Structure formats: structure tokens, C-alpha cells
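Position 43 (the sequence shown) corresponds to 43 in full-length UniProt numbering; numbering is contiguous.
Ideal Cβ placement from N, Cα and C applies to all residues, glycine included.
If you're wondering where the values come from, they're calculated on a predicted model, not measured in any experiment.
I have placed the structure first, in the form of C-alpha cells, so that the comments after it can refer back to it.
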Amino acid sequence: MKAAKRMTSYDVLGVGNALVDIQAQVEDSILSELSIDKGIMTLVDDQQQASVLSRLNGRPLNRCAGGSAANTIVALAEFGGAGAFIAKIGDDEVGEFFIKDMRDLGVKMDVEPANGSPTGTCAVLITEDAQRSMMTNLGASATLQSSDIDESLIKAAKYVYIEGYLLTGETTKAAAYRAMDIAKQHGVKVAFTASDPFLVNMIRDEIWDLITGPVDLFFCNEEEAKSLTGESDPIACAAKIHDHAENVALTLGPKGSIVMHGGEAFPIEGVEVKAIDTTGAGDMYAGALLYGITNGMTWRQAGHLASQASARVVSQMGARLERKFTQEEIQSLSKLA
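Laid out in C-alpha cells, this is it:
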């Protein structure tokens, strides 16, 4: 007797940090003045963040709901996918902005605000060379815990997408593991992103355990893959990871990406563009790929869509597409072999 087919309402449920991104273009001198390390993400406390934001007064700012997994779910939704998101916000105007922004995009998000913690923010300082230096104040995001994970949402999803940043806190890690455990119980696929090279260096063994265990789809960039595997060649990195994970998506910046599925490697070409802002390129890639594989595309086709999407997002300011993909563009990529 055949098992009943599981009914799904969402293509992907994301679990991650709820951060309002505040983006500004700055000169290199501002980074020096604020003692900010260029091109990386730095965690800061409330006071440090207030100092950074005050220095941006008078500059044009772009504000939107962000955070790694949130950006990916937004990308999925903007392609027409059905997304939901679990994260923690503060009981403040910034938190209200975050949840309204997500809902306006069609993303399901129902969370209880945390008392006594401000909503997290990420100051994204973009220099002329397109490097982005991020100052992140997690705020209420750091209070996410296992009891916030909604089993009914996971059961209704095709994929659960977990951001690696959650593994840096005790309660947020517990929430991530609970989400993965519930997914496995209900036959829901688990996607996980390495998030940052510093994270791979810090918890390499734990990430290997996840790749070997519950993770069905692993996202990483070239630097993260090299750190994880000890290999110097990207194809060797992807193959080594694929020995443990069913599916791998390894991004190579302007050189494209490598998608591994079913023992096959699909090299995906890069798209030549002038990079203005690399914020959210990996998140956009993940969102486009997840949209593709949950909406009838092959892995190769989804890889091409993801490559096109990440190229388009780096050619503009901000992590959301100003010029969205039309259904005609998506369908043309669906016809690729």
C-alpha cells in the first residue's frame, strides 16, 4: 500500500536571524574612523551599533528586512515561490517594520516579539570597490529558542532552510537543531548554508556532522569550501562534500558555481556584470536555486537561474532585485537541458 502523499503549503520555511538591513555607501575613511574591518561581518553591541548608525546621519539609507535566511526567503517569494519564516523580533517599531515587510512580500511570519530586546540590525557599509562591511547587532534574534519552532509550518514545507549563523548561540543552535529534527521526522528536506568562513573555521567538525547527517542540500562559497575540506581546487572541494551530502551548491563569485546532484557535477557559468554591491549575492543564489528545485526545474536549470539572479543583484545596491525576473525569463531558463 502506498503512503499518502504529504500535502505542502510552502516551498521553503526559513529559520534564521531577523535583522533590519540599513545600507549606505561610504568612503574607506569612514571604515578607518570607526575601526571597522573591511569586507567582513562583525558582531557589535547596542552601543557600538548606535555609534555606527549615528555616523551615517544625513546619508541616503536603504532599509529592508534582512538577515541571511530572510534574504533567501524573500528571493524565493519574489520569484513566485511560497515561503515562510521563523525568527525573533523585538517589541519595537523596527520589529513591526520587519514583519510587515516580510508579509507584504507574501511570506508567512507569525512570531511573538521578545520583551526587553531591540530588533536586530545590520549596518551594511558599501565602499566604491563593491565590498560590504557589515556591523551586526543581533538584538532579539539571539533570543530565538527551540520553543519558537512551529512543527506545523515545517510539516507543510518541502524544504527547511537553516542559516549557519544560528550555530553561534546556545538557544539559537537548539532552535536550528529542533527544526532539522522535526523536518527529518516528517520527510522534509533540510538545506543549510555555511554562512561565513569564520563559522567554518570555528565549528568545522560540527558542520561535517550536519553534512553527513540531516543536511540534504549544502550551500557554501569557495572560501568556505576550501576551509571545510582542506582542498585547493573547487571541483575537488565540491566532490569531497558531495561524498557526504546528497546535494551541494558551491558558489565561485564571478566564475559561476558548481552544483552537485546524484553523483553528477553541473558547472554553472558566471554572468559578466559590473559589481556595485555584493550584499546578499549568496542569499539570492540560494533563494533562486531553492525556488527552481521546488518548482519543477532540474538542478542544472535551477543553477542557471541562481547564477543569473546573483549576477543581477550584485549589479545594483541592496540585497533585493530592483528589476525582478519575469515569468518569460524564468521559463526560458526552464528550457535549458
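Inter-residue distance for residue 101 and residue 19 is about 12 angstroms (C-alpha atoms, whole angstroms). By the C-beta density criterion, residue 284 is buried, having at least 16 other C-beta atoms within 10 angstroms.
Between the region 302–314 and the region 267–283 there are three or more inter-stretch CB-CB distances shorter than 8 angstroms, so the stretches are counted as touching.
Here DSSP, grouped into helix, strand and coil, assigns residue 313 to helix. Between residue 295 and residue 331, the alpha-carbon positions lie close to 11 angstroms from each other.
Between residue 244 and residue 211, the C-beta gap is smaller than 8 angstroms, which places the two residues in contact. According to the DSSP assignment, residue 323 belongs to no alpha helix (DSSP H), since it is labelled neither H nor E. In the three-state scheme derived from DSSP, where H, G and I count as helix and E and B as strand, residue 131 is classed as coil. For residue 242, the enclosing alpha helix (DSSP H) has its first and last residue at 234–242. Per DSSP, residue 229 lies in no beta strand (DSSP E); the unbroken alpha helix (DSSP H) holding it starts and ends at 222–229. Inter-residue distance for residue 238 and residue 22 is about 34 angstroms (C-alpha atoms, whole angstroms).
Comparing alpha-carbon positions, the option among 79, 121, 167, 227 lying closest to residue 206 turns out to be 167.
Boundaries around residue 52 are those of the alpha helix (DSSP H), 46–55, since no beta strand (DSSP E) includes it.
Counting along the chain, residue 257 sits inside the beta strand (DSSP E) bounded by residues 257–261.
Here DSSP, grouped into helix, strand and coil, assigns residue 162 to strand. Between residue 46 and residue 63, the alpha-carbon positions lie close to 18 angstroms from each other.
Counting of Cβ neighbours within 10 angstroms places residue 27 among the exposed residues, the total staying below 16.
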